[in-house]
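Listed in order, the protein sequences are those of chains A and B.
Start counting at 1 in the first sequence, then tack on 385, and there's your number in this note's numbering.
Start counting at 1 in the second sequence, then tack on 385, and there's your number in this note's numbering.
Number of protein chains: 2
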Amino acid sequence: MKKQTIPQISEQIAAPLTAIASPQRIAILLAIGTGEACVCHLETALGWRQAYISQHLMALRKADILQDRREGRYVFYRLKHASLLDLITASARLSGLSAETVSALINTRVNPSCECPQCSPALISVESLKAA
Amino acid sequence: MKKQTIPQISEQIAAPLTAIASPQRIAILLAIGTGEACVCHLETALGWRQAYISQHLMALRKADILQDRREGRYVFYRLKHASLLDLITASARLSGLSAETVSALINTRVNPSCECPQCSPALISVESLKAA
DNA sequence: ATAATATATTCAGAATTACGAATATGAAAA
DNA sequence: TTTTCATATTCGTAATTCTGAATATATTAT
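Structural data, given as structure tokens:
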């Protein structure tokens with residue numbers, strides 16, 4: 386176990402916070418929630434430009450907050466540590482928001498099979514195969 | 386109960402995080418801990434300029450993170466919500482730090498009667514009065 | 001190959017924040 | 001009232017971050 390200075394430790398503690406401390410990043414993390422989301426899903430869910438979302442995702446990945454998984458031409462993102470949602474909820478409580486208000490916003494689907502216009506055709510074809 | 390948009394809620398959730406998301410602010414909050422600290426105490430504890438510390442304290446006060454209490458010419462700061470330390474510990478855990486590493490840094494004295502050069506004379510006089 | 005779609009990256013200017021220097025305020029002591 | 005000590009505030013610039021425009025890459029379909 387290495388000896389660490391207080392500035393070093395404070396730096397380490399602050400790192401995840403600086404990565405997520407913005408309304409945009411919080412919105413993205415809630416939209417991913419305990420499930421998984423591709424970029425195009427976030428695009429329609431949040432109504433932002435694709436490049437803008439990718440930039441935030443990149444930052445969150447570098448900060449070791451998010452994990453990515455490629456499946457065909459889709460890339461699915463998920464939280465690396467589910468406890469991050471507790472941290473977000475804790476911050477919400479400090480702002481006077483109820484835990485319910487937050488949990489109502491958290492996406493819970495493990496594999497959402499993206500509902501957005503671009504992704505839903507894939508979902509439909511899977512369903513139609515099952516029915517056949 | 387008012388209806389709130391997702392951007393509004395994300396903004397509210399992010400507010401406390403943006404206020405504390407910096408190594409300096411984390412160091413200050415740990416130095417205050419569950420106790421109380423005057424500015425001159427933080428000055429020696431952290432080794433920073435007084436004005437610099439005051440600036441951070443001001444920001445934390447505006448963000449409703451800290452509470453201040455004047456006693457003579459000293460101003461003592463304390464956390465408004467002790468749960469903030471849990472949030473800090475949670476962030477530390479995300480960085481791979483143990484909860485013990487963090488708790489070892491947290492000031493626990495309720496009224497530290499500041500040990501720094503400027504404050505300790507006051508402490509000594511109180512002690513000497515008791516002895517008399 | 002070429003085209004189309006999903007996502008990533010680079011770049012630049014705007015906006016914000018960090019931090020130091022200087023100075024102001026407020027309480028108490030002389 | 002003047003001085004002193006503790007703390008607060010203002011101001012200016014350096015550094016960082018945000019965000020949009022443009023473009024690149026990777027995968028699948030044709």
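Ideal placement from N, C-alpha and C gives every residue a C-beta, glycine not left out.
Since the model is a prediction, treat every value here as computed from it, not as a measurement.
Query                                                                                                  : Result
Short-range partners of chain B found in the segment 447–472 of chain A, where Cβ spacing is below 9 Å : D449, I450, K465, H466, S468, L469, D471, L472
Limits of the beta strand (DSSP E) - the one that L464/B falls within                                  : 459–464
Start-to-end residues for the alpha helix (DSSP H) that takes in E421/A                                : From DSSP, E421/A is part of no alpha helix (DSSP H); its letter is neither H nor E.
CB of P401/B within 9 Å of CB of A412/A, strictly                                                      : no
Extent of the continuous beta strand (DSSP E) run through L328/B                                       : No answer is possible for residue 328/B: it lies beyond the span of chain B, which begins at 386 and ends at 517.
Reduced DSSP category for R410/A - H, G, I as helix; E, B as strand; rest coil                         : helix
Nearest-angstrom Cα separation, counted from S488/B out to L427/B                                      : 18 Å
Residues that P401/B contacts on chain A, provided the C-beta gap is smaller than 8 Å                  : S476, L479, S480
Coarse secondary structure for I438/A, derived from DSSP in three states                               : helix
Test: L415/A CB closer than 9 Å to a CB of chain B                                                     : yes
Reference S476/B, options L479/A, L482/A, L469/A, closest by Cα                                        : L469/A
Closer than 7 Å at the beta carbon, the chain B residues around I411/A                                 : S395, I398, A399
DSSP state of Q393/A mapped onto helix, strand, coil                                                   : helix
Beta-carbon proximity of I438/B to A404/B, cut-off 9 Å                                                 : no
Buried or exposed by the 16-neighbour rule on C-beta atoms within 10 Å, applied to E456/B              : exposed
With 16 other Cβ atoms within 10 Å as the buried cut-off, status of R410/B                             : buried
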